[in-house]
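Structure record follows, encoded as C-alpha cells.
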Amino acid sequence: MPPPTVPFFLTSTTLATAAKPQRQQLPAQPPSCGAQTPADSLAASYTARMRLNPHLALRLFDHLLRSGADPDPIAYALALARCARARAHPAAAQLHGHAAKRGAASHRRVRNGLIHAYSVCGMLRDARKVFDYGPEVDMIAWNCLLRGYAHVRDAGALREFFARMPARDSVSWNTVIAWCVVNGEHEEAVAVFREMLASNECQPDRVTLVSVISAIAYLGALAQGLWAHAYVCRKEIEVDEKLSSALINMYSKCGFIEGSVYVFENSCALRSVDTWNAMLAGFTASGCSERALDLFARMESSGFMPNKITFNSLLNACSHGGFVEEGIGYFERMTNSYSIEPDIAHYGCMVDLFCRAGLFEKAEEMIQMMPMEPDAAVWKALVGACRTYNNFELGKKAGHRLIEAAPNDHAGYVLLSNIYALDGNWKGVHKVRKLMLDCGVQKVPGSSSIELDGVIHEFISGDKSHSRKRDVYEMLSEICQQLKIAGYAPDTSQVLLDIDDEDVKESSLALHSEKLALAFGLISTAPGTPIRIVKNLRVCGDCHNAIKLLSKIYGRCIIVRDANRFHRFREGSCSCGDY
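In numbering that gives the first Met the number 0, the protein residues as written are 0 to 578.
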C-alpha cells in the first residue's frame, strides 16, 4: 500500500527529518530522564497542529496514527471536540473504541470529550454510560451531560440531573436558564435566575444576563428589566455587544424606548451591526418609523455595512409607518447598492407594505415575482389587509393558501373564519371551523399579562377566576360605565359569532383579556402611573378604540404590546394610528 499523501499543512522539519535516512549510525545512548522519544515528539507535533487547526483535527489525527506514533489524551480530546462540532457520531464512536484499546478512554480529558461528543450528537444513552461507568467525574463531565439533556430538550431529565449535581457553576446555571428561554419557559428562566442568586454557588456572568434579559423582554416586565440592568452596573459586568443588544431589545419590548436609546447612545465603543440592528428593530416595534429611518442614515454615515437583518427592520419600519415610496427605494438599494439578495422575509415586508396601504395589485405583483414560494407570513399579511379593507374575495383565496402553507397554525383558520364572518357567510365559517377541528388544531385563547411589583399577573379572555376578581370586575363595570358616559358604543362587529343578541356581544367584548388587565392595572397602581400590558394575540379593533378613550378618561399612558406591534395610548390618541 503506498504511503498516504501528506498535505501541505503537515509539511514540517519534524516530518522531513523523520523521513530522511541517517548517513551515519551513532552508538545508542541511554535516554536521559524526562527526554522525549522521536515518536513522542512526533505525536506532540501533531497535537500542536490540531490545536492550531481545530477544523482539521480529524484529518491530523488520522495522519498521526499513520505515522506510527501513539496519540496522547490531548489529541483524543481535540479530535472528539471536532466530532462534537461536526455532529459526527460514527467518528466519535470509532475514537472511543480506539482510545479503549490503547487504555486512554479512562483519562479525564478523553472521558469528558466522549461525554460531550455523544451528548451533542443526541446519543444520550452512550454519554450516560461513559458518565456512569467511568472513574470519578468532575464538573466538566456533569456540565457536558447537562448540556446534552438540554440539547435533546428532555425537560424531565434536565431538571432531575440538575437537581442531582453535587455542585453547580455558572455553566450549569447558564445551561438551564438558556434552555428555558429557547423553549419558551420565560417565567421559569427568571425563577431559575433568582434561585441562582439565592444559592450563592457562583456569580452570574454576561452569558447569564443575556439569557435572563431576553426572558424579561418576552414577558415585558420592565421592573425586572430595570433591576437586571442595575445589577449589571452594580456588579460592574462588562457590557459587550451581545449584552448591550439584549438590553436594547428588552427596553423596546417593555415599551420603554428611551431606555433602549440610553443603552445605545452609551455603547459607542462597543457598537456593531448587531447593536444598530437591535436599535432599528426597537424603533420599528415601538411605532417610531421616522426615527428608524433617521437611525439608518446615521448607521450609513458611521461606516457600518448593513446586512439582511438591517433591511428587514428598515422595510418593516416603512410598512408600519406607511412610507411606501421609501420602502420601494430601500428594497432597490438593498440589491443595487449593497449586493444583498432579498430573501423571503424581505419580500414578505414588501407585501405587507403594499397591503397596509391597500395597494392589493402591487402586493399580488410582488407575490408573483418572488423567486420562492410565498410562506405563511406573506399570506397572513394579505389576509389581514383584506379583512381591514373588506376585500373578502381576495381574502378568501389568500386564507386558503395560508392554511395550505401552515396547516398546524390556528391563525390561518381564525383569519379565514373571520373573513367569512365579516362577509356574513356563516356556512363558510362553520366549514372552516370543522376543517380546523378535523385537523386537530386548537385556537389559542387570548391572554394578557401585566407586571406589578415584579410579579406577572395573567388574564385570560372570558376568565372570571382571578384571585382579585371582585375588585377587577367592579373596576371593569366602572370602565364600561365611563365609556357609555363618554358616548362610546362597543363595536359588536368585532364579535364574529352567529348570534343576534347585542347584549351578549357587548359582554363578550368586555371580557377581553386586555380590558381585564387594564382594570387590574387601574386599581393596583397610583394615578398617573403608566400601565404596560402584553397580549399574546392581536388587539381587536373595539379594545383599541376603547383603550384610546380610557387613556383620556383616566389620564394614563397605556402601552399595549400585542402579537403585531406596540400601541401607545395617551390623552385619547394612539401613536401607532387607528385600525
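For every residue, glycine included, the Cβ atom is placed at its ideal position computed from N, Cα and C.
- For residue 346, the closest C-alpha among the options 378, 357, 150, 338 is that of 378.
- Inside the region 350-390, DSSP marks no whole beta strand (DSSP E) run of 3 or more residues.
- Beyond the five residues adjoining it in sequence on each side, residue 443 comes within less than 8 angstroms, by CB distance, of 409, 535, 536 in the same chain, given in chain order.
- Around the beta carbon of residue 132, a 10 Å sphere encloses fewer than 16 other beta carbons of the protein chains shown; the residue is thus reported as exposed.
- Relative to residue 553, the option among 574, 539, 540, 474 whose CA is nearest is 474.
- Residue 454 carries a strand assignment under DSSP once its states are collapsed to helix, strand and coil.
- Cβ-Cβ separation between residue 78 and residue 56: approximately 5 angstroms, consistent with a contact (criterion under 8 angstroms).
- Looking at the DSSP output, residue 449 sits in a beta bridge with 456, 532.
- With contacts defined as CB atoms closer than 8 angstroms, residue 273 and residue 240 qualify as a contacting pair.
- Residue 556 sits in a strand when the DSSP states are folded into three classes.
- Excluding residues up to 5 positions away in sequence, 513, 559, 561, 566 lie with their Cβ nearer than 7 angstroms to the Cβ of residue 538 in the same chain.
- By the criterion of at least three beta-carbon pairs nearer than 8 angstroms, the region 447-462 is not in contact with the region 424-439.
- Per DSSP, residue 158 has no beta bridge partner at all.
- Judged by DSSP in its simplified three-state form, residue 438 adopts coil rather than helix or strand.
- A contact between stretches requires three or more CB pairs, one per stretch, nearer than 8 angstroms, and the region 437-454 fails this requirement with the region 417-427.
- When Cβ pairs closer than 8 angstroms are counted between the two stretches, the region 263-279 is seen to touch the region 232-252, the count reaching three or more.
- In the same chain as residue 306, and ignoring 5 residues on each side of it, the C-beta atoms closer than 8 angstroms to its own belong to 272, 276, 339, in chain order.
- If you look at residue 115, you'll find it isn't in any beta strand (DSSP E); it sits in the alpha helix (DSSP H) that goes 107-119.
- The residue from 248, 67, 129 with its alpha-carbon nearest to that of residue 96 is 129.
- Judged by DSSP secondary structure, residue 567 falls outside any alpha helix (DSSP H) and instead within the beta strand (DSSP E) spanning 565-569.
- Within the DSSP secondary-structure output, residue 573 pairs in a beta bridge with 568.
- Look at residue 443 here: in three-state DSSP terms it is coil, with no helix or strand label.
- With a cutoff of 8 angstroms on beta-carbon distance, residue 308 and residue 285 are scored as not near each other.
- Membership of residue 72 in the alpha helix (DSSP H) is indicated by the continuous run 72-85.
- Of the residues 135, 87, 90, the one whose Cα lies closest to the Cα of residue 108 is 135.
- Beyond the five residues adjoining it in sequence on each side, residue 389 comes within less than 8 angstroms, by CB distance, of 421 in the same chain, given in chain order.
- Straight across, the Cα-Cα distance linking residue 290 with residue 529 is about 22 angstroms.
- Contact annotation: residue 83 and residue 119 have beta-carbon atoms nearer than 8 angstroms.
- In the displayed model, residue 481 falls within a helix according to three-state DSSP.
- In the three-state reduction of the DSSP assignment, residue 539 falls in the coil class, being assigned neither a helical nor a strand state.
- If you check the CB distance, residue 510 and residue 549 do not come in under 8 angstroms.
- Judged by DSSP secondary structure, residue 513 falls within the alpha helix (DSSP H) whose first and last residues are 512-523.
- Between residue 242 and residue 196, the C-beta gap is not smaller than 8 angstroms, which leaves the two residues out of contact.
- A check of alpha carbon separations from residue 137 across 64, 153, 173, 115 identifies 115 as the nearest.
- Bounds of the alpha helix (DSSP H) holding residue 232 are 221-233.
- For residue 145, same chain residues with a beta-carbon under 8 angstroms away, outside a window of 5 residues either side, are 157, 160, 161, 164, 171, 174, 175 in chain order.
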